[in-house]
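Everything below concerns the one structure shown next.
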Amino acid sequence: AYIHEASDPSRHVTLIDSNLHSPEGLALDWVQHNLYWTDSGDRTISVASADGSRRRVLISTDLSEPRAIAVDPERG
């Protein structure tokens, strides 16, 4: 996953590049600074801090084809 640096949008920073099979959806929690994504290949929903650290799988069961994801950090 790449994210643009605000100071230079032409510069890409790699946050997560391992153990991804078919990442589909991506959502940023701008309040807690967490990045969420779905991976239809692994059938998982995962989270990491916005800097790519503290990565973990949140849901790995009973998902057939997770695609999109949305967060509402203002509501919790």
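Take the sequence shown: its position 68, counting from 1, is numbered 68 in UniProt numbering, and each next residue is one higher. Think of the CB as a built atom: it goes at the ideal place given N, C-alpha and C, for glycine as much as any other residue. The model shown is predicted, which means the values in this text are computed figures rather than measured ones.
Checklist entry - So Ile16 is in the beta strand (DSSP E); what residue range does that whole segment cover? => result First-last for Ile16: undefined, no H or E at that position.
Checklist entry - Quick one: what does DSSP say Leu63 is sitting in, helix, strand or coil? => result coil
Next on the checklist: Quick check on His33: does DSSP put it in helix, strand or coil?
Outcome noted: coil
Checklist entry - Can you tell me where the beta strand (DSSP E) with Ile69 in it begins and where it stops? => result Counting along the chain, Ile69 falls outside any beta strand (DSSP E), and DSSP gives it neither H nor E.
Checklist entry - Taking the alpha-carbon positions, what's the Ser22 to Gly76 distance? => result 27 Å
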